[in-house]
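Read in my numbering, the sequence shown has 1396 at position 36, and its numbers run on one by one without any break.
Don't be surprised by glycine CBs; every beta carbon is placed ideally from N, CA and C.
Reading through the structure tokens given below for one structure.
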Amino acid sequence: MKFSLFVHMERYDEQISHRQLFENLTELTLMAEAGGFSTVWIGEHHAMEYTISPSPMPLLSYLAGKTTTIRLGAGTIIAPFWHPIRVAGECALLDVISNGRMEVGLARGAYQYEFDRMAGGMPASSGGQHLREMVPVVKALWQGDYAHDGELWKFPTATSSPKPVQQPGPPVWIAARDPDSHNFAVKHGCNVMVTPLMKGDEEVVDLMNKFETALANNPEVPRPQLMVLRHTHVHSPEDSEGWRVGAQAISRFYRTFDAWFGNKQTPVNGLLAPSPEEKFKERPEFELENIHKNTMIGTPEEIIARIRHYQELGVDEFSFWADNGLSHEEKKKSLALFIQHVVPAFR
């Protein structure tokens, strides 16, 4: 079982500076590297303080110079917002800068709010077409001269400049949920990243079954890796109410997610208040006890048991999702407990 850190600069009000958030992200990454994590993942989001990352590339390039062993994952690049030549070139450049530590995550995108501002209002649900066309194009550009005449992009002979250190290219990951996405990823030799969001471990089983079906559909393809991304909060066994701190923070995270995903309000300076708690009175997944049960909240021993279950299912990588609304100090305490007690149980 590999472990990775999924982290952004996240901001719920203007009391903390962006510079401080940047330093906090760097500190968590250095902790993860020292703790034996395989990868740090940073995604892409636009015009929102809730997850600040207009491009993962500058952050990952900076971290490349501050680290020596941890791999650097763009998790994820939103395909409809990019041109394939740019994706190929920027990812290859980061691979050169990091001396072969780049991991490339691609996704179709989710927030209509972003598509309204970055893609002329195209439906977010149609982003999958861009993803499916982009993947083979990027892989071809890493190999050398390639001309493309597709439905979305057309260009004469071009190549990735520079070429990546890793050959035939950095590992490519696809964010997948439905069976078609799993099948596409496996068919094209891509690793798969999944998140159960607020659902329990039965959702992990369901996602694993979709992955296994995709493997069965493509027996000629070597088995790719599967990563599960979960909000994680570790608390001391001595603190019987420690779970509540994490559950309350993750509740705020998902209520904020709901506000952004609903796309019914105009943010002010990139800030949007969480949807009110009363909106979710009939939604059991928002009850704190269920957030405790369903997301990865618990003592080290409780978390070890659940990750062992994931390992038995066939999950290759567990990603510690640090975006959760907690203070930086709380995040550090949680990550330190995970590194001290959980990681050694899998070595």
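Beta-carbon separation (whole angstroms), residue i vs residue j, contact threshold 8 Å
| i | j | result |
| --- | --- | --- |
| residue 1381 | residue 1369 | 4 Å |
| residue 1699 | residue 1488 | Rounded, the Cβ-Cβ distance is 36 Å, inconsistent with contact. |
| residue 1365 | residue 1388 | 6 Å |
| residue 1629 | residue 1577 | 47 Å between Cβ atoms; not a contact. |
| residue 1371 | residue 1438 | Contact flag wrong, Cβ pair sits at about 20 Å. |
| residue 1414 | residue 1434 | Contact doesn't hold; Cβ gap of about 13 Å is too wide. |
CB contact flag (residue i, residue j, <8 Å)
| i | j | result |
| --- | --- | --- |
| residue 1531 | residue 1463 | yes |
| residue 1471 | residue 1613 | no |
| residue 1419 | residue 1402 | yes |
| residue 1478 | residue 1678 | no |
| residue 1584 | residue 1549 | yes |
| residue 1648 | residue 1611 | yes |
| residue 1656 | residue 1664 | no |
| residue 1570 | residue 1528 | no |
| residue 1674 | residue 1586 | yes |
| residue 1594 | residue 1363 | no |
| residue 1491 | residue 1454 | no |
| residue 1564 | residue 1537 | no |
| residue 1386 | residue 1426 | yes |
| residue 1615 | residue 1644 | no |
| residue 1547 | residue 1497 | no |
| residue 1646 | residue 1592 | no |
| residue 1452 | residue 1533 | no |
| residue 1367 | residue 1682 | yes |
Proximity winner among the options, relative to residue i (alpha-carbon distances)
| i | options | result |
| --- | --- | --- |
| residue 1404 | 1474, 1520 and 1485 | 1474 |
| residue 1535 | 1552, 1528, 1526 and 1529 | 1552 |
| residue 1481 | 1550, 1506, 1554 and 1440 | 1440 |
| residue 1456 | 1476, 1438, 1431 and 1492 | 1431 |
| residue 1568 | 1375, 1707, 1450 and 1671 | 1671 |
| residue 1653 | 1685, 1491, 1541 and 1560 | 1560 |
| residue 1545 | 1573, 1562 and 1558 | 1573 |
| residue 1428 | 1681, 1690, 1595 and 1460 | 1460 |
| residue 1623 | 1378, 1510, 1408 and 1385 | 1408 |
| residue 1436 | 1412, 1421, 1453 and 1469 | 1469 |
| residue 1705 | 1666, 1690, 1692 and 1416 | 1666 |
| residue 1617 | 1453, 1426 and 1558 | 1558 |
| residue 1494 | 1643, 1514, 1485 and 1484 | 1514 |
| residue 1374 | 1398, 1384, 1406 and 1410 | 1410 |
| residue 1606 | 1634, 1619 and 1685 | 1685 |
| residue 1406 | 1689, 1701, 1631 and 1668 | 1631 |
| residue 1693 | 1676, 1669, 1659 and 1707 | 1659 |
| residue 1526 | 1695, 1575, 1499 and 1516 | 1499 |
| residue 1650 | 1690, 1393, 1608 and 1701 | 1608 |
| residue 1707 | 1376, 1383, 1378 and 1397 | 1397 |
| residue 1626 | 1476, 1509 and 1484 | 1476 |
| residue 1709 | 1668, 1393 and 1691 | The displayed coordinates of the chain run from 1361 to 1707. Any statement about residue 1709 would go beyond what the structure contains. |
Reduced DSSP secondary structure (H/G/I, E/B, other) of residue i
| i | result |
| --- | --- |
| residue 1462 | strand |
| residue 1607 | helix |
| residue 1614 | helix |
| residue 1534 | strand |
| residue 1551 | strand |
| residue 1690 | helix |
| residue 1523 | coil |
| residue 1593 | strand |
| residue 1588 | strand |
| residue 1499 | helix |
| residue 1431 | strand |
| residue 1410 | coil |
| residue 1567 | helix |
| residue 1418 | helix |
### Query
Below 8 Å, can you find three or more Cβ-Cβ pairs linking the segment 1586–1600 to the segment 1626–1640?
The segment 1586–1600, when compared against the segment 1626–1640, does not touch it at the 8 Å Cβ threshold.
### Query
Would the segment 1430–1448 and the segment 1511–1526 be scored as touching if the rule is three or more Cβ pairs under 8 Å?
At 8 Å Cβ cutoff, the stretches touch.
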